[in-house]
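Below is one structure, written out as structure tokens; the observations come after it.
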Amino acid sequence: MMLLSIVALPLLGALVTPLVSRRSTAMLPTLLAGAIGLAVVSILLSQAMDVLAGTVLIEHYPWLPGIGLSPAFRLDALGLFFALIIAGMGILITLYAHFYFAGKHGAVRFHSLMLAFMGAMLGIVTSENLLFMLVFWEMTSLVSFVLIGFHQDERPARRGARMTLVITGGGGLALMAGVLLIGNSVGSFRLSDILAPEAALTADPLYPWMLGLVLIGAMTKSAQFPFHLWLPNAMTAPTPVSAYLHSATMVKAGIFLLARLNPALGDTEAWLYSISTAGMATLLTGAFIAMFKHDTKELLAYSTVSHLGLITLLMGLSTRMAMVAALFHLLNHALFKAPLFMMAGAVQKATGTRDMRRINGLWRTLPALAVISAIAAASMAGLPLLGGYLSKKMFFIESMNASVTPTLQWLTPALAAIAGLFSAAYSFRIFHNVFFNGKPRNLPVWPPKNPDVGIQVPPAVLALAVVLVSWHAKTVVHGLIGPVASAAEGSVLPAYDMHQLHHIGTAFFMSLAAMLGGLLLYMAREPLFRLYDQLPPADAREIFEWLMTRTGSAAERLVHGLENGSVQRYVALIILSAIVLAGPVLLSGIQWHGGETLTPIDPLTALGLVLLMATAIGTVLGHHQRLFALLLLGSAGLFVTLTFARFSAPDLALTQLSVEVMAVIIMMLALSFLPQTTPRESSRLRKGRDLSLATLGGLGVGLVSFAIMTRPQSTIAAFFLSQSKPGGGGSNVVNVILVDFRGFDTLGEITVLGIAAVAVFALTRNLQLKDRIPQERGQYWASNPHPLILRTMARPILPIALMVSAYIFLRGHNMPGGGFIAGLITAVALSLQYMAGSLAWAHGRMLTPFRPLIGLGLLLACGTGLGSLLFGEAFLSSWFGHYDLPLLGHLELATALLFDLGVFTTVVGATLLILANLGKLMTVHGPGEEIG
Amino acid sequence: MNHLPVLPILLPLLTGALLVTLPRLTLNAQRLISLGSTLAVLGLVLWLGASVLEQGRLVYALGGWAPPFGIVLVPDRLSILMLVLTASLALPAIIYACRGDDDSGSHFHALFQFQLMGLNGAFLTGDIFNLFVFFEVLLIASYALLLHGGGTARSRAGLHYVVINLIGSALFLLALGMLYGLTGTLNMADLAVRISEAPPADQPLLQAASLILLVVFGVKAALLPLLFWLPRAYTAAAAPVAALFAIMTKVGLYAMLRVFPLAFALDQPLATLTAWQWLWPLALATLALGSIGVLGATSLRNMTAYMVVVSAGTLMAIASLGSAEALAAGLFYLVHTTLLTGGFFLFADLIGRQRGSAGDYMVATAAMKDRRTLGILFFFAAVALAGLPPFSGFVSKAWLLQASLGEGVAGLYWPLLLGAGFLMLIALSRAGSKFFWRQSPERDHEMRADRVRFACVLTLVSAGLILSLTAAPLADYTRSVAAQLMAPGDYVRAVHEAGLEMTGGH
Amino acid sequence: MEALYAIAVGVLTTCGLYLVLRGRTFPVIMGLTLLSHGVNLFLFASGRLALAAPAVIGESARPTDPLPQALVLTAIVISFAMTAFVVVLALRAAVELRSDHVDGVDPEEDWRP
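Laid out in structure tokens, this is it:
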């Protein structure tokens, strides 16, 4: 519970702050944040003694054991060390921010985000479950994204924020992969297991991947070369953010991770070289560039980069005492860098700028700040006996003990010295430039405002800390750093020999050289600046933006190239995939003839089939003359009907016939609004492609059909044949299947029809054909809205048709027929009347509430089915009995008949609704009111 | 007997029919009915879920005709998952629609109900031809819904969508013809038995049938190269429709998960199916294309449409591994992605309404009236979608990665999955800063965000949080679903026993 | 007979597919109709071919398999509904896109702001 509260308190605070805060009480968020910080610190301190003595506190909360994702917390010396820095620094920053924002709007947002960040950071350093640590890890990236974009209306802020998110977020993903690999190899995500010697990760074949991925995660977070670019661009954030996230804490997360996993992944060639190289590169780049930045915060940012590089390098060196040096320098860096940032912020408030070419000689106006900065800068420069000096000297010593190959033996120290030289130089610069170096030049704010005392307290405290740490270096190193380093190494280290820091040796001369060299370098800055300006300007932010935009548009082009909005291509792809997928398996030694004896060919049927093919082919050949093609299509449908009839499917034949008529009518109507001809536009190549696709498809279907027809058959049909009469009460098995055995299909089928009709209604409702497409290429559009064919075949049919359909409907259950066919015939008959005459004619004679008809039909069919529920039967269970009725004679009444009535009604309603609304369009300026 | 299984189909059907019967009903009355019915459906499926959890699986023989002869509904754990997901997506969608989208064309609510009927039917049926029928129901309804509101973009996208799906249906019938011709049955359980007993001479044909089915389902599930209809269709659809469509691609996946393990893998491991082996490379390609599309999207909706593609690829890839753990992880992800992408479609619309002519296109305009609230919500929604902690996206991603690690395919799947997340992060951060940070100087938009619409978005987005809080039980459930899927034998047995019971044992 | 029938099915499918791949809505619709004819015949054939054996009790000694007939009937109705819908949609598209090309005049229009 205690460790949980360390993380939970700040996170809760983050949620509460915006709720409780009003603009009026500027003090409240500060107090809240400060209180939480203090609470965390006191919890930590209460455990400090035991933890430093080597006890490891662990709390475990099961959440998703299945995938190893459970919050678990761990407090050991390493975690404590970082947690104290995070929380302690947090308190000072909160105080600083209070004066920095001075109750300005945005303060609340800042404080709540600060707390969220603090919580996340504490989560990282106190996580026991590595997978769950990622939660906090990503959280810090997200919060820093928001904080960097704090001044949303400034373009650099937005870009810097996105750049940070992309780099650190991407690193997070890599880290995730690495962690999962580790967890998979160890079989647990708990550090206790991962750090245990049994884990033996370095022996794992995937070790290079683990190391690489984890490294990417750590390096992106800690701004290691070449991922360092985001850090300077993050300086658009308010200064408290820069001081806290981007110098003291977040950027240390990567280093923490390395220290944390050092026992598990460390002590290998790969580790040594990859990390120390990265560190060295970062160290040099940062130190070099920092020297030439005129913006105080940018200078500090690059110096942070280089110091992070230094610490990383030390982690990599993996000499026995390197860890001590690294952690000690980390502490010093936190102590001397934060006050410098605070100074930069204060100076900016006082003078309105951060440009060191303009800010000069502020020591008169800001004496206190000058003293504070002097101490901090001196420690950064590594002036003797200050913390920075000690840790840097440790670094020089370790760089010489580094167990690298002899050829590199001299290189590391040499480079180290050069880096030290530059860092000394820029340390001198930021101090001397700001506070001395002559008079200020045309500052935006003149005379400089005196900042309130409050804003100077936090840096003062830190400067004091610098002095204390330097004074009691021995105690700090042995009392604090030693245990922490041991925890990081996973084995107890011997006490660091502090005497070598004071004895005059190579290391001493190295630091001396670095210092004096730095001084000289600073003296000679003017020409150097000019030289530097000669270099080609490379603004990382611009490059990044350019990269982003380019990838974006490239992606857009690529995708739109594939998804080009041509349905012809999509359809071709679908057909092609079907062929490519199914083709090979069919060709793989299948024997097409299944063995059944073929039925003999009788000329009549053969003729029908041949004509069927002929009409189909004719439709294709003639499809440029649409009306002609349509007629051929209709006749093709006719031959399909005959085929059904021939092969003993009377119901199908009837249905197909009536559907065909209806379909042709509809198409004909449509055609009267569409171009009468199809332009010949597809290229020969395209035709060839389509033809071959179609042929392959057709070939496949034909062959498969043959293969199936000639194979022996064993189906469930026997059941239907035997049950039709006794169970379904009808002798027309097909109809019984439709309304009884598989009535549910039919229900769905008429629903489809109903929906289609309603959809047509919706489509045609506000469709204005008076603005139909203008004449293109002469006789392109139909002139005659009333196709002649229709007018001729009209009125006499109606009464006959109605009788026929009634008859068909009633007999349907026993003889071919049934509700659907009857419905269609009725509809055909009625609609023919409709087509023949104009709309007004039809309106006069027939009812037109078609939609209710559809609905009622569905309700009736559904209701019939539901009826059986009352008798405890399943939905759609049928019941029937035989009766002798007057007039009609012997008649069988079945619930199926009711169901069929529903079908009939829906079909009539749907068909007529479709036709009516199509017909409505006939009158070129459609009739005002909607039909149906 | 327990009629619960059929009610989630009948209720929306009756509601739809009623709404069609009374075309003169006032819009508010329609809304009331539609809302009520949708709510009731949610209740029903939860209730059904309870009884399924007891018995593991129900078998409901329609018309009292014993399987394999009659049509059966076989709600099992997978069905319940899909049903509940659909209902809980449909509810916010319909509420959102009631704020005005339903007025931009006729019969929105009837069509919406029919759509629900089709979806529920597809998830419940245990008969393959009946599955086809319900596919047609949900398709025709979706055609109409896609075109709801009119406009050139919709007409074109709609035309493409319809043509492509009609071809899909033709292929479906083809496959059914092959299956019936060779096995002589339609009931999936019976089909499974007969296929496993089919003579070797028929095997190639059956395989071909399964591959055609893969194409059919692939068209719906957005599998490369069959998915190109999707982005524009989803971009063009009215927001609530698009939100509901977030489940449509999952129907294709559902059909795969329902048909292949049962009907074709009764006597062999799923992963050895030819169809299943095709699934892996195609799904990976889908995933890649989707994530590039997300990056290249020009409008927020378009981006969301491509996120649907990404999720489809992710899902089919993990499913193609064919292990129980992989399936469980995939199903967890399915719930997450469906609700969030659905919510994001609504969100895109909500934002678009605030930005005047610019709509949801990624250009800077004047500041939105309440960009603060929307911005915060967008931030969290984006975080959840990009799979960052602490939301369900992170959980499912972690699980997906681990599940795939066991299968030794991580080398391909990991980079693509993580890369997709990365590209989404870039795209979303760009969109976010365009919409909420960067403002062109002119006067702020006056439009305020509609509270109810906002609430709908909030509900769906908060799913990201809720799912991660309730991850443990949900994960257990998806595991049980996967286990059930991996044991098709039980399904067959259950249906068979139900058949025997009804025919009195002979 | 089976062979000829199979050929017919194949030809219908081929013609249907070819037309479906055309660029104008009307031929595409005709293609869809032909395609569904082909598919229906295919589905019908899955019950094998039988002359003069309607599945009506008492009509014939060995009635043919009635189930495929029922399926085809359902399929016919559904494809009819779909045809009707797509026809009207094509009309609407032709009016709104100012062209009866399946992709409209310019597939890229109203794609960007």
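Keeping their order, the protein sequence lines are chains A, B and C. Each residue of the first sequence is one higher than the one before, counting from 1 in our numbering. Each residue of the second sequence is one higher than the one before, counting from 1 in our numbering. Each residue of the third sequence is one higher than the one before, counting from 1 in our numbering. Even glycine gets a Cβ: it sits at the ideal position worked out from N, Cα and C.
From B:L340 to B:G464, what distance separates their C-alpha atoms?
-> 7 Å
DSSP three-state assignment for A:G881, whether helix, strand or coil | strand
Using a threshold of 8 Å, state whether the C-beta atoms of A:F136 and A:S127 are closer than that.
-> yes
Got a sec: is the Cβ-Cβ distance from A:H813 to anything in chain C below 8 Å?
-> no
Under three-state DSSP, which class holds A:I590?
-> coil
Cutoff 8 Å: C:D103 Cβ touching any chain B Cβ = yes
How would you label B:S104, buried or exposed, when you count the other beta carbons within 10 angstroms and need 16 or more for buried?
-> exposed
Could you tell me which of B:G406, B:F347, B:K250 sits nearest to B:G322, measuring between CA atoms?
-> B:G406
Please name the residue or residues paired with B:Y60 in a DSSP beta bridge.
-> B:L73
For the segment 24-42 of chain C, enumerate the residues whose C-beta is nearer than 9 Å to any C-beta of chain A, in chain order.
-> R24, T25, F26, P27, V28, I29, M30, G31, T33, L34, H37, G38, V39, N40, L41, F42
The segment 42-59 of chain C: positions lying closer than 9 Å to chain A by Cβ = F42, F44, A45, S46, G47, R48, L49, A50, L51, A52, A53, P54, A55, V56, I57, G58, E59
Own chain partners of A:L612 with C-beta closer than 7 Å, once the 5 adjacent residues on each side are dropped = A636, F639, V640, T643
Should the segment 41-58 of chain C be regarded as contacting the segment 642-659 of chain A, the criterion being three or more beta carbon pairs within less than 8 Å?
-> yes
Where the beta strand (DSSP E) containing A:L75 begins and where it ends = 72-75
Residues near A:A322 in its chain [Cβ-Cβ closer than 6 Å; skip 5 each side] = L314, E398
Just the C-alpha distance for B:L211 and A:S491, rounded to the nearest angstrom, thanks.
-> 60 Å
Assign B:T165 to buried or exposed, taking buried as 16 or more other Cβ atoms, counted over all protein chains shown, within 10 Å of its Cβ.
-> The displayed chain sequence assigns Asn, not Thr, to residue 165 of chain B. Flag for B:N165 reads buried.
If you check the beta carbons only, do A:T365 and A:A377 fall under 8 Å apart?
-> no
Excluding the 5 residues preceding and the 5 following A:M400 in the sequence, name in chain order all residues of the same chain whose CB lies nearer than 6 Å to its CB.
-> P413
Determine, using beta carbons only, whether A:A53 and A:L9 come nearer to each other than 8 Å.
-> no
C-beta contact flag for A:S242 and A:F341 at 8 Å = yes
Chain-order list of residues whose beta-carbon lies under 7 Å from that of B:A364 (same chain, five-residue window excluded) | K434, R438, Q439, S440
Output, in chain order, the set of chain B residues within a Cβ distance shorter than 9 Å of A:S877.
-> L62, G63, G64, W65
Ordered list of alpha helix (DSSP H) runs contained in the segment 366-393 of chain A, each at least 4 residues = 367-381
Label A:Q775 either buried or exposed according to how many other C-beta atoms from any shown protein chain fall within 10 Å of its C-beta, with 16 as the threshold for buried.
-> With a pLDDT of only 41 at A:Q775, under 50, the local geometry of the prediction cannot be trusted, and no value is derived from it.
Would you say A:T599 faces chain B, with C-beta separation under 8 Å as the test?
-> no
Endpoints, beta strand (DSSP E) assigned at A:L57 = 57-60
Pull up the distance between the alpha-carbon of A:T933 and that of B:Y180, whole angstroms please.
-> This structure cannot speak to residue 933 of chain A, because chain A is shown only from 1 to 932.
Between the CA atoms of A:N233 and A:M163 - distance to the nearest angstrom = 8 Å
Neighbour list for B:F394 in chain A, Cβ cutoff strictly below 9 Å | L69, L134, V135, E138, M176
Identify, in the order they occur along the chain, each residue of the same chain with its Cβ nearer than 6 Å to the Cβ of B:A239, setting aside the five sequence neighbours on each side.
-> F345, L346, D349
Quick one: using the 10 Å Cβ neighbour count with 16 as the cut-off for buried, is A:L621 buried or exposed?
-> exposed
Alpha carbon of B:R353 to alpha carbon of B:E446, nearest angstrom = 11 Å
Does any residue of chain B bring its CB to less than 8 Å from the CB of C:L89?
-> yes
Bridge partner(s) assigned by DSSP for A:R190 | A:N129
Put A:N732 into one of helix, strand or coil per three-state DSSP.
-> strand
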